[in-house]
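Undergrad: Below are the structure tokens for one structure; questions will follow.
There are 2 protein chains.
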Amino acid sequence: MEWTERWAETTARVEANLDRLYAKNREPQKRLFESMRYSLLAGGKRLRPFLVYEFCRVCGGSDTQADCAAMAVEMIHTYSLIHDDLPCMDNDDLRRGKPTNHKVFGEAAAVLAGDGLLTDAFFVLTQSELPAEAKAELVKTLSYRAGPYGMVGGQVLDMEAETRACTRSEVLAIQKRKTGALIRAACEMGVICAGGSSEQRSAAGAYADAVGLAFQIRDDVLDAEGDAAVLGKAVGVDENKNTFLKLYGPDYCKRKVRTLTRQAIAALTGFENADALANLASYLATRDR
Amino acid sequence: MEWTERWAETTARVEANLDRLYAKNREPQKRLFESMRYSLLAGGKRLRPFLVYEFCRVCGGSDTQADCAAMAVEMIHTYSLIHDDLPCMDNDDLRRGKPTNHKVFGEAAAVLAGDGLLTDAFFVLTQSELPAEAKAELVKTLSYRAGPYGMVGGQVLDMEAETRACTRSEVLAIQKRKTGALIRAACEMGVICAGGSSEQRSAAGAYADAVGLAFQIRDDVLDAEGDAAVLGKAVGVDENKNTFLKLYGPDYCKRKVRTLTRQAIAALTGFENADALANLASYLATRDR
Chain A
0 MEWTERWAET
10 TARVEANLDR
20 LYAKNREPQK
30 RLFESMRYSL
40 LAGGKRLRPF
50 LVYEFCRVCG
60 GSDTQADCAA
70 MAVEMIHTYS
80 LIHDDLPCMD
90 NDDLRRGKPT
100 NHKVFGEAAA
110 VLAGDGLLTD
120 AFFVLTQSEL
130 PAEAKAELVK
140 TLSYRAGPYG
150 MVGGQVLDME
160 AETRACTRSE
170 VLAIQKRKTG
180 ALIRAACEMG
190 VICAGGSSEQ
200 RSAAGAYADA
210 VGLAFQIRDD
220 VLDAEGDAAV
230 LGKAVGVDEN
240 KNTFLKLYGP
250 DYCKRKVRTL
260 TRQAIAALTG
270 FENADALANL
280 ASYLATRDR
Chain B
0 MEWTERWAET
10 TARVEANLDR
20 LYAKNREPQK
30 RLFESMRYSL
40 LAGGKRLRPF
50 LVYEFCRVCG
60 GSDTQADCAA
70 MAVEMIHTYS
80 LIHDDLPCMD
90 NDDLRRGKPT
100 NHKVFGEAAA
110 VLAGDGLLTD
120 AFFVLTQSEL
130 PAEAKAELVK
140 TLSYRAGPYG
150 MVGGQVLDME
160 AETRACTRSE
170 VLAIQKRKTG
180 ALIRAACEMG
190 VICAGGSSEQ
200 RSAAGAYADA
210 VGLAFQIRDD
220 VLDAEGDAAV
230 LGKAVGVDEN
240 KNTFLKLYGP
250 DYCKRKVRTL
260 TRQAIAALTG
270 FENADALANL
280 ASYLATRDR
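Chains as they are written, first to last, in numbering that gives the first Met the number 0: chain A, 0 to 288; chain B, 0 to 288.
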């Protein structure tokens, strides 16, 4: 199977699971489930679920073992987008070409849809057939990486940095938390689902850190040099932001992405059949959308 | 020990633990930890932690076994208040006589402080010394009762009901989720921390449902008949809301609170030394603040 087919396969799998999750019109809070579903099924790369499934597979686990973790990490990602789009945050009207959650359901309902997805992600983790030790470790990893020490902390730093110029290490600290932490959670959770070793978990973490940073730098470059029609979103919007491109310049950024991609691929040596993860790292570094 | 001394003891204990949780000025996201601490240490009855500690004790467990669950349930309660006070929700400027979180830190920071506390509550649960089975069960119970099937669902129903008259069963459905679910989580989590039986857990649930409903009805009565100076908050604010008092009238409400209190106390027969929980049920039904 081509690695992109595998990505498509895991995407279809997690979307079918997420579709079933709130499929029943659960009265009386039907409207809440509708609003959570709206954002959950609004498309997206499903990169984090792919990472969960692939790290589980290369550690010898099955897709069934990875299902709950793949759903949970995408639920956390989705809640963060709903809250990020709120008027008091980025105030975005559109997300992936569709009206944002608060535009459709109202601001209060959007806050609660985010709270609901965030809380239910942890319930979903407890619904797997994995041993209790694995469940507890999944909850620990996801809550640590998504919470104040990780993603939420990164959101706060990013917000505080909007009004001033940042140093390189500050931009790194923001990226590591805001986008890097959840990518790292996804990779680590895949290893946990399969019952992998602590060495495998460290290697997954190293891969995640390299891929996460390369992904963000490529994002900055695409915002400046990409084609809006291919990207499917406006370009040049980060011009006044603290981006890697602004702080390091285009040549350094491109070299850095290549170095990080090599590091990510090198981190995969301890895994069997990790071609898809290697291909993914290369793709994320050179993608034009 | 008087039962009120025990409440004071558990309150001091959970507050000391919460105080330590974010005591370090963790750079770079220092401001986030400050905002979470601000609301976490702003006072309150600490009723839910008391329920966790007492149900753990009457099942033969120690306070140490209950520490993490007591913190987590109060973190969830605190996040719900922060989000509830937001301008797009109840738009409250004051909470327990102090400016609300968004008044001090801004609206975006308040959304993120809530998200941070909600996520970190699950991390805290994984930090206990309890067996993995108990940790996973605590996460399952708290996420189910606090999420879309419980508290968050109740918030949505309450919001939707603001603009219209509700039936009695609708008001019951809102109370069961909005305030009842987290009280039930607290009681059940106490039993789980102690490794109690499923019978004990059902009994704790029955106690919680009766006490939770009595608590809410008493709240409605106090809003109409209480003394603002004693209560420490304005009265008459619920006049146009869908309250139990409005739907059932004062006499029925007072009788109902007495019946519920008897039911709560009856649910405690399977526990040893449950006097404090019985006294608490009586107190909550007759309190004037």
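Glycine residues also receive a C-beta, built at the ideal position from the N, C-alpha and C atoms.
Since PHE121/A meets chain B, which of its residues come closer than 7 angstroms, beta carbon to beta carbon?
TA: PHE121, VAL138, SER142
Undergrad: Closer than 8 angstroms is the cut-off here; do at least three beta carbon pairs connect the region 65-75 of chain B with the region 45-56 of chain B?
TA: yes
Undergrad: Hey, is GLN28/B's beta-carbon within less than 7 angstroms of any beta-carbon in chain A?
TA: yes
Undergrad: Closer than 9 angstroms by beta-carbon distance: list the chain B residues that pair up with LEU17/A, in chain order.
TA: Correct list: empty, because the minimum Cβ distance to chain B is about 14 angstroms.
Undergrad: Since PRO98/B sits in a beta bridge, which residues does DSSP pair it with?
TA: LEU93/B
Undergrad: Note the first and the last residue of the continuous alpha helix (DSSP H) segment covering ASP237/B.
TA: From DSSP, ASP237/B is part of no alpha helix (DSSP H); its letter is neither H nor E.
Undergrad: Do you know how far the Cα of GLY152/A is from the Cα of LEU31/B?
TA: 7 angstroms
Undergrad: Would you kindly report the start and end of the unbroken alpha helix (DSSP H) that includes TYR52/B?
TA: 46-57
Undergrad: Under a CB-based cut-off of 7 angstroms, is MET188/A close to chain B?
TA: no
Undergrad: Closer than 7 angstroms between beta carbons: that is the criterion. Which residues of the region 80-91 of chain B meet it against chain A?
TA: HIS82, LEU85, CYS87, MET88
Undergrad: Assign LEU85/A to one of three DSSP states: helix, strand, or coil.
TA: Shown here, LEU85/A sits in coil according to DSSP, grouped into three states, outside any helix or strand.
Undergrad: Using a Cβ-Cβ cutoff of less than 8 angstroms, which residues in the same chain neighbour SER142/B once the five nearest sequence positions on both sides are dropped?
TA: Correct list, in chain order: PHE121.
Undergrad: Is the separation between the beta-carbon of ALA131/B and that of ALA131/A shorter than 7 angstroms?
TA: yes
Undergrad: Give the interface partners of PHE32/A over in chain B, defined as CB-CB distance under 9 angstroms, in chain order.
TA: PRO147, GLY152
Undergrad: Counting pairs of beta carbons, one from the region 26-41 of chain A and one from the region 150-169 of chain B, are three or more of them closer than 8 angstroms?
TA: yes
Undergrad: To the nearest angstrom, how far is it from the Cα of ASP222/B to the Cα of LEU244/B?
TA: 10 angstroms
Undergrad: Using the Cβ count rule (16 or more neighbours within 10 Å means buried), how would you classify ASP208/B?
TA: Burial state of ASP208/B is buried, judged by a 10 Å Cβ sphere holding 16 or more other Cβ atoms.
Undergrad: Rounded to a whole number of angstroms, what is the C-alpha to C-alpha distance between LYS253/A and TYR37/B?
TA: 43 angstroms
Undergrad: Tell me, please, whether the CB atom of THR125/A is closer than 7 angstroms to any CB atom in chain B?
TA: yes
Undergrad: Using beta carbons (cut-off 7 angstroms, strictly below), is LEU111/B in contact with chain A?
TA: yes
Undergrad: Can you name the residues of chain B whose CB is closer than 8 angstroms to the CB of MET35/A?
TA: PRO147
Undergrad: Do the CB positions of ARG176/A and LEU230/A come within less than 7 angstroms of each other?
TA: It is not a contact, given that the beta carbons lie outside the stated cut-off.
Undergrad: Would you call GLN123/B buried or exposed, if buried means 16 or more other Cβ atoms sit within 10 Å of its Cβ?
TA: Note on residue identity: the sequence assigns Val, not Gln, to residue 123/B. Looking at its Cβ environment, which holds 16 or more other Cβ atoms inside 10 Å, VAL123/B is buried.
Undergrad: Any C-beta of chain B within less than 8 angstroms: which residues of the region 157-179 of chain A qualify?
TA: MET158, GLU159, GLU169, ALA172, ARG176
Undergrad: So the alpha helix (DSSP H) ASN16/B belongs to, where does it begin and stop?
TA: ASN16/B -> alpha helix (DSSP H) spans 2-20.
Undergrad: At what residues does the alpha helix (DSSP H) containing TYR247/A begin and finish?
TA: Per DSSP, TYR247/A belongs to the alpha helix (DSSP H) from 243-247.
Undergrad: Kindly indicate which residue of ARG25/A, LEU129/A, VAL220/A has the alpha-carbon position closest to the one of GLY194/A.
TA: LEU129/A
Undergrad: Quick check: THR140/A and GLU73/A, are their CB atoms within less than 7 angstroms of each other?
TA: no
Undergrad: Go through its chain and collect everything with a Cβ distance to ARG5/A's Cβ below 6 angstroms, but skip five positions before and after it.
TA: ALA275
Undergrad: Given a cut-off of 7 angstroms on the beta-carbon distance, is the pair THR260/B and ALA284/B in contact?
TA: yes
Undergrad: Can you tell me which of VAL170/A, GLY115/A, ASN272/A puts its alpha carbon nearest to the alpha carbon of THR242/A?
TA: VAL170/A
Undergrad: What does the alpha-carbon distance come out to for the pair VAL190/B and THR118/A?
TA: 22 angstroms
Undergrad: By Cβ distance, which residues of its chain are closer than 8 angstroms to ARG257/B, with the 5 residues on each side in sequence left out?
TA: ALA284
Undergrad: With 7 angstroms as the threshold, decide whether the Cβ of ALA69/A is near any Cβ in chain B.
TA: No, its Cβ sits nowhere closer than 7 angstroms to a Cβ of chain B.
Undergrad: What residues of chain A sit near ASP114/B, judged by a beta carbon separation below 7 angstroms?
TA: HIS82, LEU117, VAL151
Undergrad: To which residues of the same chain is GLY59/B closer than 6 angstroms at the C-beta, ignoring the five residues directly before and after it?
TA: ALA193
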